[in-house]
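Asks:
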Amino acid sequence: MVLMTSSSSTQSYYEIANRIVMIALSISIIFLAESLYFGNQALAASSNVKDDCPVFSIKNGCDLSGWLHLIIDGLIAAFLGIFFHHLAHKQSLKLKKIVDEHDAMKKRRREFAIQSLKNHFTTLLFSMSLINKLEPMYASDTKNRDNIKDQITRNYELISRVISDIKNILLFLNDVLEPQIINDVNKLCQTIHQGYVKDVDKQLRLIDYTETKNKINGLCKTFDELHPAVVPVQELFPRTSSNLQSNNRTLNKLNYQEIALYCRRLLKKIDSSK
Amino acid sequence: MKILGIDDNADINELLDTILNGSGHEFIYVKSGIEGLKLIHEKKFDIVLLDLAMPEFSGFDVINSLLKDGLLTKQKIILFTASSVLDAEIEELVKKGVHSCIRKPVDVDLLLEKLEQLQV
Chain A
1 MVLMTSSSST QSYYEIANRI VMIALSISII FLAESLYFGN QALAASSNVK DDCPVFSIKN
61 GCDLSGWLHL IIDGLIAAFL GIFFHHLAHK QSLKLKKIVD EHDAMKKRRR EFAIQSLKNH
121 FTTLLFSMSL INKLEPMYAS DTKNRDNIKD QITRNYELIS RVISDIKNIL LFLNDVLEPQ
181 IINDVNKLCQ TIHQGYVKDV DKQLRLIDYT ETKNKINGLC KTFDELHPAV VPVQELFPRT
241 SSNLQSNNRT LNKLNYQEIA LYCRRLLKKI DSSK
Chain B
275 MKILGIDDNA DINELLDTIL NGSGHEFIYV KSGIEGLKLI HEKKFDIVLL DLAMPEFSGF
335 DVINSLLKDG LLTKQKIILF TASSVLDAEI EELVKKGVHS CIRKPVDVDL LLEKLEQLQV
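Taken in sequence, the protein lines are chains A and B.
In case it helps, the numbering used here puts the first sequence at residues 1 to 274.
In case it helps, the numbering used here puts the second sequence at residues 275 to 394.
1) Mind checking A:Gln-190: buried by the 16 CB within 10 Å criterion, or exposed?
2) Can you pull the chain A residues whose beta carbon is under 9 Å from the beta carbon of B:Asp-285, in chain order?
3) Could you tell me whether the segment 171-179 of chain A touches the segment 111-119 of chain A, using the rule of 3 or more Cβ pairs below 8 Å?
4) For B:Ile-321, which option in B:Phe-354, B:Arg-377 and B:Asp-282 has the closest C-alpha, if you only look at C-alpha atoms?
5) Relative to the C-alpha of A:Val-185, which candidate in A:Asp-208, A:Glu-157 and A:Asn-214 has its C-alpha closest?
6) Does the pairing of the segment 115-134 of chain A with the segment 278-293 of chain B give three or more beta-carbon distances under 8 Å?
7) Could you give the first and the last residue of the continuous alpha helix (DSSP H) run that contains B:Lys-370?
8) Chain B partners of A:Gln-115, CB-CB under 7 Å?
9) Assign B:Ala-356 to one of two classes, buried (16 or more other C-beta atoms within 10 Å of its C-beta) or exposed (fewer than that).
10) Between the alpha carbons of B:Lys-388 and B:Leu-294, how many angstroms are there, rounded?
11) With a threshold of 8 Å between beta-carbons, can A:Lys-213 be considered close to chain B, or not?
12) Mapping the DSSP letters down to three states, classify B:Phe-331 as helix, strand or coil.
13) Along chain B, in chain order, which residues have C-beta atoms closer than 9 Å to that of A:Leu-130?
14) Comparing C-alpha positions only, which one of B:Gln-393, B:Arg-377 and B:Leu-392 sits nearest to A:Asn-119?
15) Please decide whether B:Lys-378 counts as near chain A, where near means a Cβ-Cβ distance under 8 Å.
16) Distance check for A:Leu-171 and A:Asp-103, CA to CA, integer angstroms please.
17) Check each candidate in A:Gly-218, A:Leu-93 and A:Ile-192 and name the one with the smallest Cα separation from A:Lys-167.
18) Does the Cβ-Cβ distance between B:Leu-392 and B:Ser-297 come in under 8 Å?
19) For A:Ile-192, return the contacting residues in chain B, with the cut-off set at a CB-CB distance below 8 Å.
20) Could you work out which residues of chain B lie near A:Cys-220, taking near to mean beta carbons separated by less than 7 Å?
21) As a quick exercise: from A:Ile-169, A:Ile-159, A:Asp-146 and A:Thr-222, pick the residue whose alpha carbon is nearest that of A:Gln-180.
22) Less than 8 Å between the CB atoms is what I'm expecting for B:Thr-347 and B:Gly-310, so what's the real figure, rounded?
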């Protein structure tokens, strides 16, 4: 662990040193080119122009020749070209990172939507099945009628809550789900709602459990067809992703701290050498 | 059968509690991976129904911890998940020692049937 930390810090020092050298080099090149160009222009303008100046002569009375003008302009253009290319490359990398992050977020949101819907469908299937099993008992078991009735009512309440949860998911995550899925899930919710009827005892009853079960199974098949699993689920886990994001943030923070530390060390070295 | 359910979904836990205890099994459930891991260390279960997507300590973390402690093959861990897990991922987990995977949503009769098969 200590070795890893020391090697990574050496690497970052090397990177910082590289960056500082690059910046210093760029400033020197700009300074050299500018001073050559403008210095010569100023020098030439300050005196009478002589006709017998050699091609690369830089001295009092000699204006820059066409060739030297071309070379210096070319150098400046090349430098600016490289500089802008570097900036554009950096920008495109940033954009790619943003697009990738957005894409990953979308995948996570989609996975979350599908997971939540499937969990809700499981709840629906379980509670509908329970109701199906409790209803005949309610008719036959006269002793525990109240208890069974309570259980059935509780399950119907659960179904209503789950349906409203499903509708909320469709509302908030409709940007990551296929329109066909949204339509089908809405239809399913409608079917379950319409499936409620009140019997002689004013007890809610679900008309057809098997039909709803088949619809849910069909819907899950459509899920898998329209949103097939292509990425290992471990990569989509919110915990892992948030950790990665926070790690990135820490890394950025660390970089700035290291730069500051490096500058302080550099200043100390200069002081001690004096 | 003694069954442990590790799932953060309270509704599913409660429904499974009613269904499985009602069909002659002994079902206990916990809402987090850490609690589940603690129970697995303390008691012996015939089947552990493990959800994968849980906050803080996921099903994958439970599997890795059990693998580290050498307990993964000693328990019948069945993934009970709504996540879009790739078949390759499941195969990898089965190689590590996970028994099998039941994908949500599942019908009660089908779930009970699978549990009965495991008992045999």
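Even for Gly, the Cβ is constructed at its ideal location relative to N, Cα and C.
Given the structure is predicted, the values throughout are model-derived calculations rather than measurements.
Replies: In this structure, then:
1) The residue is exposed, with fewer than 16 neighbouring Cβ atoms inside 10 Å.
2) Contact of B:Asp-285 with chain A by beta-carbon distance below 9 Å involves Asn-119, His-120, Thr-122, Thr-123, Phe-126, Ser-127, Leu-158, Arg-161 and Val-162.
3) Flag = yes, the segment 171-179 of chain A and the segment 111-119 of chain A touch.
4) Answer by Cα proximity: B:Phe-354.
5) It is A:Asn-214.
6) A contact exists between the segment 115-134 of chain A and the segment 278-293 of chain B.
7) Start and end: 361-370.
8) Simply Ala-327, Ala-356 and Ser-357.
9) The residue in question, B:Ala-356, is buried, as its Cβ has 16 or more Cβ neighbours within 10 Å.
10) Whole-angstrom Cα-Cα distance: 12 Å.
11) So yes, A:Lys-213 belongs to the interface.
12) Residue state, collapsed to three classes: coil.
13) Those are Leu-289, Thr-292, Ile-293, Gly-296 and Val-382, listed as they occur along chain B.
14) For the set B:Gln-393, B:Arg-377 and B:Leu-392, the Cα lying nearest the Cα of A:Asn-119 is the one of B:Arg-377.
15) Yes, B:Lys-378 counts as interfacial toward chain A.
16) Between A:Asp-103 and A:Leu-171, the C-alpha separation is close to 20 Å.
17) Comparing Cα-Cα distances from A:Lys-167 to each of A:Gly-218, A:Leu-93 and A:Ile-192, the minimum goes to A:Ile-192.
18) Judged by beta-carbon spacing, B:Ser-297 lies beyond the 8 Å limit of B:Leu-392, meaning their Cβ atoms are not closer than that value.
19) Neighbours of A:Ile-192 on chain B: none; closest Cβ ~14 Å, over 8 Å.
20) Chain B residues near A:Cys-220: Pro-379.
21) For A:Gln-180, the closest C-alpha among the options A:Ile-169, A:Ile-159, A:Asp-146 and A:Thr-222 is that of A:Thr-222.
22) That belief does not hold up - the Cβ atoms of B:Thr-347 and B:Gly-310 are roughly 17 Å apart, past 8 Å.
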